[in-house]
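Asker: Using our numbering, the first residue of the sequence shown is number 559, and each one after it goes up by one. Shown below is the structure under consideration.
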Amino acid sequence: MIQGHRTPRLGRRRRASARPTQKGPMSSDPFVVISSDTHAGAPVNTYRDYLDAKHQQLFDDWRGSYSNPQKKHIGSKKHLNWDDDARMADMENDGVIGEIVFPNTVPPFFKTSVLICGNPRPEDYPLRLEGIRAHNRWLKDWCDEYPAQRAGIGLVYLNDIDEAMKDIEWIANAGLRGGILLPHVPDDCTSFIKPLYHPDYDRMWALLEETGLVINHHGGTGSPDYGRLPVSLPIRLIETSFFSTRSYSQLLLSGVFHRFPKLKYIITESGCAWVPETLERLDFFWKRIASGAVGEFQFAQDVTTPEPPSFYAKRNCYYGASSASPVEIRDRDTIGTDRILWGSDYPHYEGTYPHTRLALRHAFNDVGEDNARKMLGLNAAELYDFDLDALAPLAEKCGPTWDELSVPLAKEEFPEQTHTNAFRTL
Numbered sequence: 559m560i561q562g563h564r565t566p567r568l569g570r571r572r573r574a575s576a577r578p579t580q581k582g583p584m585s586s587d588p589f590v591v592i593s594s595d596t597h598a599g600a601p602v603n604t605y606r607d608y609l610d611a612k613h614q615q616l617f618d619d620w621r622g623s624y625s626n627p628q629k630k631h632i633g634s635k636k637h638l639n640w641d642d643d644a645r646m647a648d649m650e651n652d653g654v655i656g657e658i659v660f661p662n663t664v665p666p667f668f669k670t671s672v673l674i675c676g677n678p679r680p681e682d683y684p685l686r687l688e689g690i691r692a693h694n695r696w697l698k699d700w701c702d703e704y705p706a707q708r709a710g711i712g713l714v715y716l717n718d719i720d721e722a723m724k725d726i727e728w729i730a731n732a733g734l735r736g737g738i739l740l741p742h743v744p745d746d747c748t749s750f751i752k753p754l755y756h757p758d759y760d761r762m763w764a765l766l767e768e769t770g771l772v773i774n775h776h777g778g779t780g781s782p783d784y785g786r787l788p789v790s791l792p793i794r795l796i797e798t799s800f801f802s803t804r805s806y807s808q809l810l811l812s813g814v815f816h817r818f819p820k821l822k823y824i825i826t827e828s829g830c831a832w833v834p835e836t837l838e839r840l841d842f843f844w845k846r847i848a849s850g851a852v853g854e855f856q857f858a859q860d861v862t863t864p865e866p867p868s869f870y871a872k873r874n875c876y877y878g879a880s881s882a883s884p885v886e887i888r889d890r891d892t893i894g895t896d897r898i899l900w901g902s903d904y905p906h907y908e909g910t911y912p913h914t915r916l917a918l919r920h921a922f923n924d925v926g927e928d929n930a931r932k933m934l935g936l937n938a939a940e941l942y943d944f945d946l947d948a949l950a951p952l953a954e955k956c957g958p959t960w961d962e963l964s965v966p967l968a969k970e971e972f973p974e975q976t977h978t979n980a981f982r983t984l
């Protein structure tokens, strides 16, 4: 048993196939829609039971003085992170059959939501590590309530690579087939966490390759500390897309996917419209570096990978296009329709709920049925090991059909009030 973790109730789940069980779906056959981007977590007090007993008094002390700074903003929707009845009803109404689940709430000993809290400093690391382990235990139980429909993503920290590997082993054995949420390493953290291109991570990449777990990055993470000035948050929001995708370039350029060719990597809720230009730029510099010099900078011949970054991107990388609009997927043929996974971002305000069926029609009505089926579910089923046979009955009940999705939205059908970007037209 891994230290600090309870033994999972279930062993490794059998692998499933994303191949259709019939020769070819017809337009009237329902889609198996799988969201590559949803969020969940436990109520703060629930996490207490998922901590080791020796940390429960510390939890009580922390809980007594903690108040969520986002409580006013998210209070009316917070139950959707854990309320099975409300959540599953929402998904069914939206025609969403399965979900890949990122965290969303506040684990023990955190200051705010896990996605925006950043990496723990050395003095905070021991208790924050217990916090993410409590979340992982809860997530395993929560996913087991609907095992065919939920692929939970486990949390790890990189402050101690050996401890991260223990957590990876636990996540794999627990059947959390969503994989791991890999932390970014901003420059202001490199004094206590190695950057992702450091060779010391090779043993961790080898373990991830062996277990087959997906490596996930999520938009909105990876930013440095901007301080507490009045404009800090607006500047962070403007620059977040750069920091969210920065690690993608680091992994491609540093040869991680060359050394570990079976790794599976996805960056979610960062869109995918940026991918062609980014790969073009990376390939350009790869050629210049391989030639031995870029301007006044000279390079050894063994700095570059044997193939250009775009080669590894096409083989190892995927893109979770949350709340995708037609603008977001217009370069789908360049990126690859087998690399794009649609996501609803439920239950966030900027997600597509409760307008998902309209959002799918707006974005996918002209992409062709086969491409739509890939991006709306089959790609996710393949990457995250969903059993399509197990999902088929629910798809028959509430899944949309191509007859429905192929109809463009009329002007009067666009929602008047929504925070989502899914209805962009430019």
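Using N, Cα and C, we set each Cβ at its ideal position, and we do this for glycine too. Remember, it's a predicted structure, so these values are computed and weren't measured experimentally.
#1: DSSP three-state label for Lys822, please.
#2: So, with DSSP's three-state summary, where would you put Pro834?
#3: Measure the alpha-carbon distance for Gly901 versus Asp619 and round it to whole angstroms.
#4: Please report how far the alpha carbon of Ile921 lies from the alpha carbon of Tyr877, in whole angstroms.
#5: State the start and end residues of the unbroken beta strand (DSSP E) segment that holds Val659.
#6: Give me, in chain order, the residues of the same chain whose beta-carbon lies closer than 6 Å to that of Cys701; leave out the 5 immediate sequence neighbours on both sides.
#7: Rounded to a whole number of angstroms, what is the C-alpha to C-alpha distance between Asp607 and Glu970?
#8: With burial defined as no fewer than 16 other Cβ atoms inside 10 Å of the residue's Cβ, what is the status of Val965: buried or exposed?
#9: So is Lys581 buried or exposed if we call it buried at 16+ other beta carbons inside 10 Å?
#10: Rounded to a whole number of angstroms, what is the C-alpha to C-alpha distance between Arg679 and Asn774?
#11: In whole angstroms, give me the CA-to-CA distance for Ala980 and Phe750.
#12: Quick check on Lys581: does DSSP put it in helix, strand or coil?
#13: Would you decide whether Lys822 is buried or exposed? Buried here means 16 or more other CB atoms lie within 10 Å of its CB.
#14: Just to confirm, are Val659 and Pro665 a CB contact at a threshold of 7 Å?
#15: Cα separation between Arg890 and Arg931?
#16: Who are the near neighbours of Gln614 in its chain, counting only those whose CB is closer than 8 Å to its CB and skipping five residues on each side?
#17: Straight-line CA distance for Gln975 to Asp595?
Answerer: In brief:
#1: strand
#2: helix
#3: 38 Å
#4: The sequence shown places Ala at residue 921, not Ile. Cα-Cα distance, rounded: 16 Å.
#5: From DSSP, the beta strand (DSSP E) with Val659 extends over Gly656 to Pro661.
#6: Leaving aside the five residues that flank Cys701 on each side, the residues in its chain whose CB is nearer than 6 Å to its CB run, in chain order, Arg708 and Gly710.
#7: So the alpha carbons of these two residues sit roughly 50 Å apart.
#8: exposed
#9: Because the pLDDT at Lys581 is just 49, under 50, the model does not fix this residue reliably, and the value given afterwards should be weighed accordingly. Classification of Lys581: exposed, given that the 10 Å Cβ count is below 16.
#10: 22 Å
#11: Their Cα atoms are separated by approximately 39 Å.
#12: Annotation note: pLDDT 49 at Lys581 (below 50); position unreliable, no value reported.
#13: buried
#14: no
#15: 13 Å
#16: Its chain contains Arg606 as the residues whose beta carbon lies nearer than 8 Å to that of Gln614, once the 5 sequence neighbours on both sides are disregarded; these appear in chain order.
#17: 22 Å
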